[in-house]
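Below: one structure, written as structure tokens.
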Amino acid sequence: MNRRNILDIAAITTLAFVLPTSSVMSQQGSTKGQLAGTWTLVSATTKLPDGSPAWGTNPKGLLIFTENGYFSSQIVRSDLPKFKSENRAQGTPEENKAVVEGSSSTFGTYTVDETKKTYTLKFEGSSFPNRVGTEQTRAFTIAGDELKIANPSTSVGGSSELVYKRAR
């Protein structure tokens, strides 16, 4: 093998390693790339119709955006009562009401509008069945490890702001 062929092979091999890395780097720099990952809930301004905080004083939550366009979100009150029966299928009406009012879980797919800094959720499943099959667009900002989301239509009515921090 002559020197020119060796240099050609070296150049092609280098490109094979550099190009995918560049693609990954540009994905991380994109708005969708910045959104992808796992986020933990810090605060929420969601209010119940009586004006009290929907998620109590110390809400817990997890929001996951995958790189291939899926999302999963769970939010719960930290003060949910434990079921006396130790069986969720045998909860009392009061226990069931507290769980329905104090938790929300959704999953599905999402797309990002890089220009508008919004994402659109397509709900495939939800603890609030009225969401299933619908879409909702939300504005967001990312500053460092903080994600702020404007939810224009909460499942208890009204709008809210959700603040998350990136899970490490």
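Numbering (my numbering), first residue to last: 126 to 293. Positions of the beta carbon are idealized from the N, C-alpha and C atoms, including for glycine.
Nearest by alpha-carbon distance to residue i: which of the options is it?
i      : options                           : result
VAL288 : GLY282, SER280 and ALA275         : ALA275
SER251 : PHE232, ASN193 and GLU226         : PHE232
PRO184 : VAL224, LYS273 and SER168         : SER168
ASN193 : THR234, THR156 and GLU260         : THR234
SER280 : LEU173, ALA161 and GLN159         : LEU173
GLY282 : SER177, SER155 and GLN159         : SER177
ASP204 : ASN212, PHE253 and TRP180         : TRP180
SER155 : THR266, PRO277, GLU286 and SER278 : THR266
Please classify residue i: is it buried, with 16 or more other beta-carbons within 10 angstroms of its beta-carbon, or exposed?
i      : result
PRO218 : exposed
ARG202 : buried
GLY186 : buried
SER284 : exposed
PRO206 : exposed
SER151 : Because SER151 carries a pLDDT of 38, less than 50, the predicted location of this residue cannot be relied on, and no value is offered for it.
THR171 : buried
SER229 : buried
VAL257 : exposed
SER198 : buried
TYR195 : exposed
THR146 : Reliability fails at THR146, whose pLDDT of 40 lies under 50, so the model's placement of it is uncertain and no value is given.
Do residue i and residue j have their C-beta atoms closer together than 8 Å?
i      : j      : result
TRP164 : ALA292 : yes
GLU226 : PHE208 : no
ALA264 : LYS242 : yes
THR245 : GLU260 : yes
VAL237 : LYS157 : yes
THR191 : ALA161 : yes
Which residues does DSSP pair with residue i in a beta bridge?
i      : result
LEU246 : TYR235 and GLN261
VAL288 : SER168 and LYS273
ALA268 : GLU271
GLY162 : PHE190
SER251 : THR231
Using a Cβ cut-off of 8 Å (strictly closer), state whether residue i contacts chain D.
i      : result
ALA179 : Absent from the structure: chain D. Only one protein chain is present.
**Prompt:** Which parts of the segment 165-236 are runs of the alpha helix (DSSP H), unbroken and 4 residues or longer, counting only runs that do not cross its ends?
**Reply:** 218-226
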